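A.B. asks:
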Amino acid sequence: MIKEITISPKDYLKLGLTRDKLVWMLKKMMEIRFFEEKVEELYLMKGLITGPAHLYFGEEAVAVGVVSALEEGDLIISNHRGHGHALAKGIPMKEVMAELFGKATGTCKGLGGSMHVAISPERGSLFASAIVGSGVPIAVGVALAFKYEKSDRVIAVFFGDGAVNTGAFHEAVNMAAIWNLPVILVCENNMYAIGMKAEKAVALKSLAERALGYGIPGIIVDGNDPIAVWLATKEAIEKARKGEGPTLLECKTYRLKGHGIYDQAKYRPKEEVEAWLKKDPIINFKKNLIELNVLSESDVKTFEEEIKRELDEAVNFAQKSPILSFEELKNYVYA
Amino acid sequence: MLRELTYAEAIREALRNALIKNPKVFLIGEDIGAYGGAFKITNGFLEEFGSERIRDTPISEAAIVGAAIGAALMGLKPIAEIMYMDFIPICLEQLANQAAKIRFMSGGKLKVPIIVRTQYSLGRAHGAQHSQFIPAWFLQVPGLKVALPSTPYDAKGLFNQALKEENPVLYIECSLLYRVKGPVPEEDYIIPFGKADVKKEGDDVTIVAISRMVHEALAAAKILEEKGLSIEVIDPRTIQPLDIETIVNSVKKTGRVIIAEDDHKTGGVGAEITASIIENAFDYLDAPITRVASPDIPIPFSPQLELEYMPNKDKIIQAVNSLLKG
Chain A
2 MIKEITISPK
12 DYLKLGLTRD
22 KLVWMLKKMM
32 EIRFFEEKVE
42 ELYLMKGLIT
52 GPAHLYFGEE
62 AVAVGVVSAL
72 EEGDLIISNH
82 RGHGHALAKG
92 IPMKEVMAEL
102 FGKATGTCKG
112 LGGSMHVAIS
122 PERGSLFASA
132 IVGSGVPIAV
142 GVALAFKYEK
152 SDRVIAVFFG
162 DGAVNTGAFH
172 EAVNMAAIWN
182 LPVILVCENN
192 MYAIGMKAEK
202 AVALKSLAER
212 ALGYGIPGII
222 VDGNDPIAVW
232 LATKEAIEKA
242 RKGEGPTLLE
252 CKTYRLKGHG
262 IYDQAKYRPK
272 EEVEAWLKKD
282 PIINFKKNLI
292 ELNVLSESDV
302 KTFEEEIKRE
312 LDEAVNFAQK
322 SPILSFEELK
332 NYVYA
Chain B
110 MLRELTYAEA
120 IREALRNALI
130 KNPKVFLIGE
140 DIGAYGGAFK
150 ITNGFLEEFG
160 SERIRDTPIS
170 EAAIVGAAIG
180 AALMGLKPIA
190 EIMYMDFIPI
200 CLEQLANQAA
210 KIRFMSGGKL
220 KVPIIVRTQY
230 SLGRAHGAQH
240 SQFIPAWFLQ
250 VPGLKVALPS
260 TPYDAKGLFN
270 QALKEENPVL
280 YIECSLLYRV
290 KGPVPEEDYI
300 IPFGKADVKK
310 EGDDVTIVAI
320 SRMVHEALAA
330 AKILEEKGLS
340 IEVIDPRTIQ
350 PLDIETIVNS
360 VKKTGRVIIA
370 EDDHKTGGVG
380 AEITASIIEN
390 AFDYLDAPIT
400 RVASPDIPIP
410 FSPQLELEYM
420 PNKDKIIQAV
430 NSLLKG
């Protein structure tokens, strides 16, 4: 029941993906990376952002791969490391940035912060829970509603390797399995739950094996390759739409930075970091697309400039935006 | 038309009417279907409404509430059952940290109109892990509403309000009251939240009583009135929102107040009500505020010890007498 999905870059164009889609994927990954670099700069060097920002540095291929397999009407649920999910789902950089600044123009009017930036139901990014594992039961409820309303929509829920050891995860996956609910369980195994190495937290060879305990398929996929993630997600979605229930995807990737922006991550062996830097998802995907003649170096340069310009505008927008008045807070407690 | 229904029948009627009238309503919980509900409230519902709408779950309290939240985010009206109030701590994260905060954290984009039904079984020899009443835990959860019906009439009316709510509602039943009978209109009337009910008017002493203790307070009042005392009994009906105004107005009239509750005295709902009375009516008090509550001891199994443990009408009478002596 556990399988591995791999794809050779030379076969990217044989999968039915349009060139536009491939370009979109690269641009989105670049957008996420530049965004996170900017957040780091604003936080560490300029002191303009405070609070716990959990960077998605290195994991860009997961969000982009999953989102590109979803269709209109499908939803995602994000977690505390949600900047990448938010941007992949099409939430404008300025809204995400404004939320990081705690401004009224942010995705949550400045009441959610970095850990809830991916809340934008109108764009299919339904909710983001900052309690590890706790978004999974909520995703199961969304899938239950899809089934109840006899629609063929699916929901993808993102969680880290730490989440697979929480009670909420187990209860929820079991429920999704017994009721064959259309949930795509996306485990972003970035190898660390804060400082706890995933392999020390689980007595299994792979986290995908968790699926075996629930009678659902588990797929191991290279989380640094957006096309492999897209393929795996597509397979899970097809199954879910047919009413055949959830699939657990283990996207093996690496958090190139610390847990939070403030974390120097000194617990990571140097060789390990260096090895993963060589597997940088953006560098590799860019190289592959250029080799496949999907785009050129100069296209990439143009994208870079576009994104950076937009990013500067986003920062400017966030800085200039107002905050809610304290009196307004009570309006958001009860409906 | 008014008929006599039991508290259990009133809840059942409100639930059934909701299922009939609103296709977005569904029930989710442990043993609510084939088994008929641990307290038989949902008996026969599975046959009548089918397994999609009466959804039996595994023993997974966190996922029950989480699934209800997710379904509510999609526009459904889930009614989750948590069999015993003692099990609420298992799903407290989903209830207090997710359901209650989602509207706020999303800057008002999302709302979670779920109802979580539960009951407490104090007085049925269920022991420390199946009898507890912990309503005060939820006084510190902004975003949640908490209803505690004490009569069949209130049970149906408050439930109908819970159905209209766009906020998460914790609806706490008392299993010792399930067989209590009272008048219940056939139509779907509504009792608004945050409106205390003066269950009996009086001039000498105010008794604020919660859930089961309303009946003990009324019984105590009857005995005290035979001795010439006039007792007012107030049932807050919801503690979040809490109608402190009705309580304060009563205290202004009587100058004496007793708070009767099944929960532990320390940090109980009575402690909050006490503080509010002091803040709002200190000058009107002719005697110290007295609380009749459960001691700060886990609930003993031994039925005789449990009886001794429980607050009751005799303890209320004692409290009134010492209040008047002092």
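Protein chains in written order, with our numbering: chain A, 2 to 336; chain B, 110 to 435.
Glycine residues also receive a C-beta, built at the ideal position from the N, C-alpha and C atoms.
Just so it is clear, the structure is predicted and the values come from calculations on it, not from any experiment.
For a test of the three-state rule: what should DSSP assign to VAL250 (chain B), helix, strand or coil?
C.D. replies: In this structure, VAL250 (chain B) counts as coil in the three-state DSSP scheme.
A.B. asks: Tell me whether the beta-carbon of SER240 (chain B) lies closer than 7 Å to the beta-carbon of ILE408 (chain B).
C.D. replies: Against a cut-off of 7 Å, the Cβ pair of ILE408 (chain B) and SER240 (chain B) comes out as a contact.
A.B. asks: ARG226 (chain B) CB to nearest chain A CB: under 7 Å?
C.D. replies: Not closer than 7 Å to any Cβ of chain A, the Cβ of ARG226 (chain B) fails to qualify, so no.
A.B. asks: Between the segment 348 to 361 of chain B and the segment 243 to 257 of chain B, can you find at least three pairs of beta-carbon atoms closer than 8 Å?
C.D. replies: Cβ pair count under 8 Å is three or more, so yes.
A.B. asks: Determine, for PRO323 (chain A), whether the minimum Cβ-Cβ distance to residues of chain B falls below 7 Å.
C.D. replies: Output row for PRO323 (chain A): interface = no.
A.B. asks: With a cut-off of 8 Å on the beta carbons, I'd call GLY337 (chain A) and GLU100 (chain A) a contact; round off their distance for me.
C.D. replies: Beyond the ends of chain A as shown, which are 2 and 336, falls residue 337 (chain A); an answer cannot be given.
A.B. asks: Where do the N-terminal and C-terminal ends of the beta strand (DSSP E) with SER284 (chain B) fall, by residue?
C.D. replies: It is not in any beta strand (DSSP E) - SER284 (chain B) carries neither H nor E in the DSSP assignment.
A.B. asks: Compute every distance between the C-beta of ILE343 (chain B) and the non-hydrogen atoms of the ligand COA, then say whether any falls below 6 Å.
C.D. replies: Ligands are entirely absent from the displayed structure, and the ligand COA is therefore not among its contents.
A.B. asks: With 16 other CB atoms within 10 Å as the buried threshold, where does ARG310 (chain A) fall?
C.D. replies: ARG310 (chain A) comes out exposed.
A.B. asks: Residues of chain B with a CB under 8 Å from the CB of TYR149 (chain A): which are they?
C.D. replies: Within chain B, the residues near TYR149 (chain A) are PHE135, GLU161, ALA180, LEU185.
A.B. asks: In three-state terms, what does DSSP make of ALA87 (chain A)?
C.D. replies: DSSP places ALA87 (chain A) in helix when its eight states are reduced to three.
A.B. asks: Using the rule of at least 16 other Cβ atoms within 10 Å of the residue's Cβ for burial, across every protein chain shown, is THR19 (chain A) buried or exposed?
C.D. replies: Answer is exposed; the Cβ neighbour count stays below 16.
A.B. asks: What did DSSP end up calling PRO198 (chain B) once you bin it into helix, strand or coil?
C.D. replies: Helix, per DSSP.
A.B. asks: Spatial neighbours of ASN225 (chain A) within its chain, please: CB distance less than 6 Å, with the 5 preceding and 5 following residues excluded, ordered by chain position.
C.D. replies: Excluding positions up to five away in sequence, the list reads ALA62, THR254, LYS280, PRO282.
A.B. asks: Can you give, in chain order, each stretch of the alpha helix (DSSP H) that sits fully within the segment 244 to 285 of chain A and has at least 4 residues?
C.D. replies: Qualifying alpha helix (DSSP H) stretches, in chain order: 271 to 278.
A.B. asks: Going along the chain, which residues of the segment 203 to 215 of chain B sit with their C-beta nearer than 8 Å to a C-beta in chain A?
C.D. replies: The residues in question are GLN203, ASN206, GLN207, ILE211, ARG212, PHE213, MET214, SER215.
A.B. asks: Do you know offhand how far MET26 (chain A)'s Cα is from ARG164 (chain B)'s?
C.D. replies: When rounded, the distance between both Cα atoms is 40 Å.
A.B. asks: State yes or no: is the C-beta of ALA428 (chain B) within less than 7 Å of the C-beta of THR399 (chain B)?
C.D. replies: Going by C-beta atoms, ALA428 (chain B) is nearer than 7 Å to THR399 (chain B).
A.B. asks: Which same chain residues, not among the five before or five after GLU314 (chain A), have their C-beta less than 7 Å away from its C-beta?
C.D. replies: The residues are LYS95.
A.B. asks: For PRO138 (chain A), decide whether its Cβ has a neighbour in chain B, counting only Cβ atoms nearer than 7 Å.
C.D. replies: Yes, PRO138 (chain A) counts as interfacial toward chain B.
A.B. asks: Kindly list the residues whose CB is nearer than 7 Å to the CB of GLU41 (chain A), restricted to its own chain and excluding five residues on each side of it in sequence; keep chain order.
C.D. replies: Hits under 7 Å: LEU56, ILE262.
A.B. asks: Where ILE340 (chain B) and LYS304 (chain B) are concerned, what is the direct C-alpha to C-alpha distance, given to the nearest angstrom?
C.D. replies: Each residue's alpha carbon lies about 20 Å from the other.
A.B. asks: Looking at chain A, is there any beta carbon in it that lies within less than 7 Å of the beta carbon of PRO198 (chain B)?
C.D. replies: By this cut-off, PRO198 (chain B) is not an interface position.
A.B. asks: Could you list which residues in chain B have their beta carbon closer than 9 Å to that of SER135 (chain A), in chain order?
C.D. replies: Those within 9 Å of SER135 (chain A) in chain B are ALA171, GLY175, GLU202, GLN203, ASN206, GLN207.
A.B. asks: Report yes or no: do the segment 165 to 183 of chain A and the segment 129 to 140 of chain A share at least 3 C-beta pairs separated by less than 8 Å?
C.D. replies: With the cut-off at 8 Å, the segment 165 to 183 of chain A and the segment 129 to 140 of chain A touch.
A.B. asks: What does DSSP give as the partner residues of ILE343 (chain B) in its beta bridges?
C.D. replies: Bridge partners of ILE343 (chain B): B:VAL307, B:VAL317.
A.B. asks: Anything in chain B within Cβ reach of VAL334 (chain A), meaning under 8 Å, just list it in chain order.
C.D. replies: Those within 8 Å of VAL334 (chain A) in chain B are ARG212, PHE213, PRO251, GLY252.
A.B. asks: Specify, as a first and last residue, the run of the beta strand (DSSP E) that ILE188 (chain B) falls within.
C.D. replies: First-last of the beta strand (DSSP E) with ILE188 (chain B): 186 to 191.
A.B. asks: Using DSSP bridges, identify the partner residues of LYS290 (chain B).
C.D. replies: In the DSSP output, where bridge partners are listed per residue, LYS290 (chain B) has B:THR115.
A.B. asks: According to DSSP, simplified to helix, strand and coil, what is ASP371 (chain B)?
C.D. replies: Of the three classes helix, strand and coil, the one that applies to ASP371 (chain B) here is strand, per DSSP.
A.B. asks: Excluding the 5 residues preceding and the 5 following ARG121 (chain B) in the sequence, name in chain order all residues of the same chain whose CB lies nearer than 7 Å to its CB.
C.D. replies: Counting only Cβ-Cβ distances below 7 Å, and skipping sequence neighbours, we find ILE150.
A.B. asks: Measure the CB-CB distance between GLY175 (chain B) and GLN203 (chain B) and report whether it falls below 7 Å.
C.D. replies: In contact: GLY175 (chain B) and GLN203 (chain B) (Cβ atoms closer than 7 Å).
A.B. asks: Any beta carbon from chain B within less than 7 Å of HIS86 (chain A)'s own beta carbon?
C.D. replies: No, HIS86 (chain A) does not count as interfacial toward chain B.
A.B. asks: Can the beta-carbon of SER259 (chain B) be found closer than 7 Å to that of VAL323 (chain B)?
C.D. replies: Yes, these two residues count as a Cβ contact at 7 Å.
A.B. asks: Answer with buried or exposed for SER411 (chain B), where buried requires no fewer than 16 other C-beta atoms within 10 angstroms of its C-beta.
C.D. replies: So SER411 (chain B) counts as exposed.
A.B. asks: Check the Cβ-Cβ distances between PHE90 (chain A) and every residue of chain B, and say whether any is below 7 Å.
C.D. replies: A quick correction: the sequence has Lys, not Phe, at residue 90 (chain A). Not closer than 7 Å to any Cβ of chain B, the Cβ of LYS90 (chain A) fails to qualify, so no.
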